[in-house]
Structures are given as structure tokens and as C-alpha cells.
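Q: Residue numbers (this note's numbering), protein chains in the order written: chain A, 961 to 1285; chain B, -14 to 360.
C-beta atoms are modelled at their ideal positions from N, C-alpha and C, and glycine is treated no differently.
Just passing along the structure, written as C-alpha cells.
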Amino acid sequence: MRELKIVDALNEALHQGMEQNDKIIVLGEDVGKEGGVFRVTTGLQKKFGVERSVDTPLSEGGIIGSAIGLSINGFFPVCEIQFDGFIWPGFDHIINHVCRFRTRTRGRLTTPMVIRVPFGGGIHALEHHSESMEAVFSHIPGINVVIPSDPFSAKGLLLGALESKDPTIFLEPKKIYRAIKQEVPEEYYTIPLNKARIEREGSQVTIISYGAMLRETKKALAEFIKTNPIDFELIDLVSLSPIDYDTVIASAKKTGRILIVNEEPRTAGLAAEIAAVIQEKCLFDLQAPVIRVTGFDTIMPLLKNEDYYIPGIKRITKGLNQVLA
Amino acid sequence: MKIMTKLNQEILQKFPIFDAWNPTEPTMFQVMDHNGEIVNSEYANTITDQEAVAVYEWMLKIRIADEKCVNMQRQGRMGTYPSVLGQEACQIGAVYNQQKSDWLVPTFRESGMIWYKGIPLEKVMLYWIGNEKGSEYAEDINVLPVAITVGGHLPHATGIGWAERLKNGNNITVCSFSDGATSEGDFHSALNFAAVFNAKTVFFCQNNHYAISTHRDMQTKSKTIAEKAFAYGMPGVQVDGNDIFALIAVMKEANQLARDHNIPTLVEAVTYRIGDHTTSDNSKLYREDGEVEDWKPKDPLIRLRAYLFKKGLITDTQEQEMKDKAKEYVEATVKTALETKDPNIDDMFKYLLSESYPALEEQRLQLIEEFTNNQ
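Okay, here's the thing in C-alpha cells:
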């Protein structure tokens, strides 16, 4: 089987999704002629025309706001937000409208759409290009939030989101857009949006991560087990809203030790939420406190100091030592 | 207008009101002055005499229902309510020419408009009572729920009108909002996107002079709101919003521009909010009684009434009959609305997503248990 990078897998998913469903429209800044700043939408305009791969004026509020109308009136918009830090002018539409129309009309008008967002740090970009604000999105009722961690999940999840009757925030770990090559089936396939994936089964400790941090975690574990041969369970969370607690809690009960690794600011984050639910559901199965390895409650530094913010092998290894103590 | 593109110029020639309107020397389009005299005979017969009587009856109905809603709030039988007092002509004019399948994307001060468009008054009342069954509209009526966030709904109307053009559909979208909304960024993105993507959308701004306490003159330095259209390469017109004949004439052109030519427009209807912002507001804190008194003679009902009486189209007795009938209907509707059962307590979970998930279902059961045990 041929190998693809995440960008190519996402691009293939968009091509196949748009072939399958002629109501799908891709819209965003520079997505048409240029194919997006990360090239995820390359070739779509050539193949599907300017009405289905739309270069919009520069306005996230306009993109997401008009996508709501497009969706209500029969289309399936796929909004591309150029960088995570640029989503906020459109955030009002996400939190006040995208997630609410189904409730506000008692199921009559719905707004299925995908909002794609290159997500997280690690590419040494400018300010406002590297934040991890997943908890903000996961906090919103009425919208799904997912993040792939490799090319296979990127394609399947995006096609899954394109079939969903509900709106999806689709976070794309930009650090690993081109870092991983993996065998990806050529045919159309979907991955459920609300299921975590057990990457490795184990009995002594559970490590939960997602997106680009899953790769860092795997690197840290590969080093760690050389000197500490532990039987670890590794969970790719995949769905950040809703969280697949069936998988998380079953694993917590089994191992009694939980480490959560992500790159968000720590306070009121997703890791805190998962830790809270674990202690509610299985406190007496735990043999150690739930440990969080995260970014800091600071502004993401400029590129020279970016790597001090994002958890690396050192911080993850320290977390492993803590949770196993 | 020379400001418009060549293509628009050629099309606009067929739409004399929009074609004539000049943003550098703006005038308010009017057909009937506030004494009910026709001042623009070209448009005197935009609607028939019989239709004018029917419109007057609707204005009476809207005023009576609106008054009732304010009273219900005072009696503690309704939540906060925004009165449409003084804006009855706009309530009808915005959607008068619409076909049934056309879209309406309303702001919150539109009780009359959505009722006239076809949402039963009972639903309107239920919504302001706080019963979510008021948001349950029939499947075949293209009206969005009222927008409480000011200006946020404008891009939605752009998207609906854009989608309609992509579908080669025939429906147009009317989006209603007030002068305050024009200061929001969403006003800009909505009009800009609508023009760029040729959305079949009419932006209908009721300049009622107030956003709560803030006067229209504090919202914008522009002489008119209508002239803002020209910055987007879009036709615009300022119209007397208390003159139903002028409104209908303008909206006829605006709708046809959207429907037949995919040209969005901005209509500024100049009116006045006679009532408080909502029942929670006290407008005496920020505006002089004199100002309100100056506007009262320009009332849309007074002038249409004067016109109808002058032409002998209606008698006192007939008018009284209309009022009695409206009151009777409104009272009966209030009764039905108040007797309507509250939604199920777990409805908040029911419509959140297309399907529930375990953690949400756990919360729903918690709610049910909490209130079952209390009984």
C-alpha cells in the first residue's frame, strides 16, 4: 500500500468526500488557487470549480457565519481557518450559533459542517500560529471536536466528519502535517468521531494523549522502556468532545495509574477534566494521583523559546516517573 | 449610480428607486407623508385600495398584540419583551412582497414581522413567555429563530442567499436588523460576502434611532445607513419606514434584484422606537419626552388611517370591528399560550446533537432523578 503524509491524507479525504457528496463546499482564505497555506486543499478548485472550492474575503466571522447559512440552506460547508489563533473573530458564530441552531429550532434547522483548524505548536511560526485551545472548544455544548494523530486517522476521521449530521471542529496537528508517512488505504473509509483508540494495550500504566503530542509521547516511551520495562497502555484520545470515557475509565480501572499528555495551558484544561472524571468514577482503583503533562499557563513564546513551552521527552519522562512512583 | 459596476448599472436602470438613489445627496424615499397625503403619485397604486385596508387591519392586529405582550410582562406572565410600537409598517413592509418559501432571518424586535410572515402569534408569545415550544415552527416555513445577539445573524442570511444562488433556486432572503447592528463587524462581513458571492439577500435595516440608550448618531458618522451599501458595491436606498406604500415599493425592487439578478441590497427604513428597548428598560433615563412626542404624529398607523378615511375606504364602525376582532383573537391566543404545557424537563438534551453519548445521557438521567425525587 502507498504511504501518505497527513496533509495528503486530508487532501484525499476532501477529494473523495466532495466526489461522494456534491453539497460539500470548501471555503476559506487562500484555499482555492493556492490550495491553502498548508496545501491541504490542493487541486480541489481545479477539479470541483470555484463555486465548491471558494477563496473567501479575509474574515473568519464571514467564513463561519455564512457557512451557517449555507448549511441551513442545504450545503455542507468545510471551513478552513488558516491558523488556530485566527479563529477567534469567527468564534462568536461557533459558540452562539453553530452549536445552537438544532436546540433553538427544536431539531428543525441544523448546521452540519466541518471547521478545519491547523492546531498546536511546533513549527516555529509567528505569534498566534501555535496555540492549543482545545479545551475552549470542548467546553461548548452541541459541537464535536476531534483530532487525528497520523495519516490513517486523518483521512478516516475527516471523512467521518463529512458524513456527520452535527458540526465538527476538526483540529489538525500542524507540527506533524508532513512528519509521518503511513500506509493509507486508497478507498473511502470512515472512523467514528466519538471513539478513542487504544494504540497499545498494557496493564501497568495508562498514558492518554492526542494529536502531535502522541508522537512525542511515543518517543519518550521508547526511550523510557529501555531502562524501565513497563507494560504501558497508550490511548489516542481522538475525540476531544465528547470524550470516550468508556475507554478511558476501563483503562484507568485496569492500570490504576494515569498520565495525560497534551500541550494546552494547564489550568481548566482538558487534562484537568479527564482527571476529574477519573477520580469520580474510579478513585479506589487508583494507585497514584492522575498526572498531567501539559504546556504552561503562559502565552506561547516566540519561536526561539517555543520548545520550552511544549512538553518534550524530558517533561513526559518526568511525568512517567511521577505516575509510576 | 456611477459607483456601481457596469453590469449592475445596466440592470439597475430597470429599478428606478434604487437607480435614482444617490448616496452623495441622500434623500428619503417617500410615497405618503405623515398626513396621509400621496407625495409621489407614481407609486400611489403599488397596492390596491383593498390591500391597503387589509394592511391597516394587520397593523392594528400587531399593535394590539404588542400592547398585550407588554402588559403580560407587567403582570408577570411573560419574560422580558421588546415592543415593536411605532415600527408596524416595517413589520409588514419587510416581508409584504415575499413568496411563502422565501426566507426571513429576523432580529428580536420582530414580533409583527414573523407573525405576518406566517408564524402563528401563539408561537411568538410562547417564545417570549420562555416556553421553547414557541421555537417549534412548521417545516414548510423558512423563518429562522429571532436573533438575540445583535448583528450575528447577518452572515447567516448571506449564507442562505448564497446557497440559494448556488442551487439556482428562486427564493430570496430578507434579513432584518436595526441601526445598532450596523456597528458590528458581522454587518461588514455579511454585506461584503453577500456582494462578493452574489447572494440573493436583502438587508433590511430598521433605523429606529436607538440601540437601547445609544442614539443612531452615536453609531455612525455616516449621513445615512443606506450609503454604506455603496462601499460594498451594492445598491442601497433610504426609505421612510413609517410609510407602508414606500416600503412595499422599495422591497418590491429589492426582492426582484435578489431573485432575478442575484444582486443583494441594503434598505434603510427610517422609523422610530416609540416604546422602551424592552420591558426591562426605562427610556426616560436617556431621551426627552419631547423627542418621542415629535415622532408620534409620524406614526405609521395614523398616516395610513388618514389616507383610508380620506379616500372613504373604511368607516369608524369598520375600524372598531377590526379592533374588536383583533382583541378577541389576541385574548384567545394568550389563553392558548398560557395553557400550553412546558416542554419536558430533559428537552435540553434532546435537541443538542443528532445522537446522545454516554456522559450526556448520564447527566440527563441525573436531571430526571433530581426532579422525580422531589415530587
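Is it true that the segment 228 to 247 of chain B meets the segment 25 to 36 of chain B, where meeting means three or more beta-carbon pairs spaced less than 8 Å apart?
A: With a cut-off of 8 Å, the segment 25 to 36 of chain B and the segment 228 to 247 of chain B count as touching, because enough Cβ pairs lie within range.
Q: Determine the direct distance from the alpha carbon of methionine 1093(A) to that of glutamine 15(B), and round the result to whole angstroms.
A: Glutamine 15(B) and methionine 1093(A): Cα-Cα distance of roughly 52 Å.
Q: In its own chain, which residues sit with a C-beta less than 7 Å from the C-beta of proline 130(B), not counting the 5 before and 5 after it?
A: The residues are Ser120.
Q: Compute the beta-carbon to beta-carbon distance between aspartate 1196(A) and leucine 1174(A), rounded to the nearest angstrom, for a pair I have assumed lies under 8 Å.
A: Indeed they touch by this definition, with Cβ atoms about 5 Å apart.
Q: Compare the C-beta of histidine 1089(A) against all C-beta atoms of chain B and say whether one is closer than 8 Å.
A: Taking Cβ atoms only, chain B never reaches closer than 8 Å to histidine 1089(A), which makes this a no.
Q: Leaving out five residues on either side along the sequence, give the residues of the same chain with a beta carbon under 6 Å from the beta carbon of glutamine 223(B).
A: Closer than 6 Å at the Cβ level, and outside the excluded window around glutamine 223(B), lie Pro11, Met13, Thr209, Ala211 and Glu253.
Q: With C-beta atoms as the reference, is alanine 179(B) less than 8 Å away from arginine 150(B)?
A: No; because the gap between Cβ atoms is not below 8 Å, this pair is not in contact.
Q: For tryptophan 113(B), which residues from the same chain have a beta carbon less than 7 Å from its beta carbon, with the 5 sequence-adjacent residues on both sides left out?
A: Taken in chain order, the residues that qualify are Cys54, Met63, Gly64 and Tyr66.
Q: What residues from chain B crowd round lysine 1241(A), counting only those whose CB sits closer than 7 Å?
A: Neighbours of lysine 1241(A) on chain B: none; closest Cβ ~10 Å, over 7 Å.
Q: Beta carbons nearer than 9 Å to chain A: which residues of the segment 170 to 196 of chain B have them?
A: Result list: Gly170, Asp171, His173, Ser174, Ala175, Asn177, Phe178, Ala179, Val181, Phe182, Ala184 and Thr186.
Q: Would you report the Cα separation of phenylalanine 1061(A) and leucine 1069(A), rounded to the nearest angstrom?
A: If I take the Cα positions, the gap works out to 6 Å.
Q: If you follow the beta strand (DSSP E) that valine 135(B) is part of, which residue opens it and which one closes it?
A: Here valine 135(B) belongs to no beta strand (DSSP E), and DSSP marks it neither H nor E.
Q: Hey, isoleucine 1273(A) and glutamate 1176(A): beta-carbon distance below 8 Å or not?
A: Yes, they are a contact pair.
Q: Opposite methionine 17(B) in the DSSP bridges: which residues?
A: Methionine 17(B) is bridged to Ile23(B).
Q: Find the nearest neighbour of asparagine 227(B) within the set Thr205(B), Lys281(B) and Thr264(B), judged by alpha-carbon distance.
A: It is Lys281(B).
Q: Label leucine 350(B) either buried or exposed according to how many other C-beta atoms from any shown protein chain fall within 10 Å of its C-beta, with 16 as the threshold for buried.
A: Exposed.
Q: Mind checking asparagine 361(B): buried by the 16 CB within 10 Å criterion, or exposed?
A: Residue numbering for chain B in the displayed model covers -14 to 360; residue 361(B) lies beyond these limits and cannot be assessed.
Q: Excluding the five sequence neighbours on either side, which residues of its own chain have a C-beta within less than 7 Å of the C-beta of alanine 239(B), listed in chain order?
A: Same-chain partners within the cutoff: Val187, Thr250 and Val252.
Q: Apart from the five residues just before and just after histidine 1084(A), which ones in its own chain have a Cβ nearer than 8 Å to its Cβ?
A: Only Leu1263 and Glu1266 meet the Cβ criterion.
Q: Against chain A, which members of the segment 233 to 248 of chain B pass a CB distance test of less than 8 Å?
A: So the list is empty, because no residue satisfies the distance condition.
Q: Tell me, please, which residues DSSP counts as bridged to valine 1221(A).
A: DSSP, once it has assigned bridges, lists Ser1169(A) and Val1253(A) as partnering valine 1221(A).
Q: Give me the DSSP bridge partner(s) of isoleucine 1129(A).
A: According to DSSP, isoleucine 1129(A) bridges with Ile1075(A) and Val1105(A).
Q: Can you round the beta-carbon distance between glycine 1045(A) and histidine 1088(A) to whole angstroms, since I take them to be within the 8 Å contact cut?
A: Confirmed, about 3 Å.
Q: Starting from proline 1111(A) and walking both ways along the beta strand (DSSP E), at which residues does that stretch end?
A: Looking at the DSSP string, proline 1111(A) is not in any beta strand (DSSP E); the run it does join, the alpha helix (DSSP H), is 1111 to 1123.
Q: To the nearest angstrom, how far is it from the Cα of lysine 1328(A) to the Cα of isoleucine 1220(A)?
A: Residue 1328(A) falls outside the range modelled here, since chain A spans only 961 to 1285, and no answer is possible.
Q: Is phenylalanine 162(B) helix, strand or coil by DSSP?
A: Residue state, collapsed to three classes: strand.
Q: Tell me which same chain residues have a C-beta within less than 7 Å of the C-beta of tyrosine 101(B), skipping the five on either side of it?
A: Trp43, Gln76, Ile77 and Val80.
Q: Does the beta carbon of tyrosine 1205(A) come closer than 8 Å to any beta carbon on chain B?
A: Yes, its Cβ sits closer than 8 Å to a Cβ of chain B.
Q: Please name the residue in Glu107(B), Ala5(B), Val40(B) and Asn267(B) whose C-alpha comes closest to that of glutamate 324(B).
A: For glutamate 324(B), the nearest C-alpha among the options comes from Glu107(B).
Q: Under the three-state reduction of DSSP, which class applies to glycine 1003(A): helix, strand or coil?
A: In the structure shown, glycine 1003(A) sits in coil (DSSP, three-state: anything other than H, G, I, E or B).
Q: When you compare the CB positions of alanine 1121(A) and leucine 1153(A), do they come within less than 8 Å of one another, or not?
A: Yes, these two residues count as a Cβ contact at 8 Å.
Q: Which one of Gly103(B), Met17(B) and Ile259(B) has the shortest CA to CA distance from isoleucine 32(B)?
A: If we check each option's Cα against that of isoleucine 32(B), Met17(B) comes out closest.
Q: Relative to the C-alpha of alanine 1210(A), which residue among Leu1280(A), Val991(A) and Glu1161(A) is closest?
A: Checking every option, the nearest Cα to that of alanine 1210(A) belongs to Glu1161(A).
Q: I'd like to know whether the C-beta of serine 339(B) is nearer than 8 Å to at least one C-beta of chain A.
A: Yes, serine 339(B) lies at the interface with chain A (some Cβ there is under 8 Å from its Cβ).
Q: Give me the subset of the segment 1027 to 1042 of chain A whose CB atoms are less than 9 Å from a CB atom of chain B, sorted by chain position.
A: Answer set for the segment 1027 to 1042 of chain A: Ala1027, Ile1028, Gly1029, Leu1030, Ser1031, Ile1032, Asn1033, Gly1034, Phe1035 and Pro1037.
Q: So, proline 140(B) versus isoleucine 229(B), is the Cβ gap smaller than 8 Å?
A: Not closer than 8 Å, so no.
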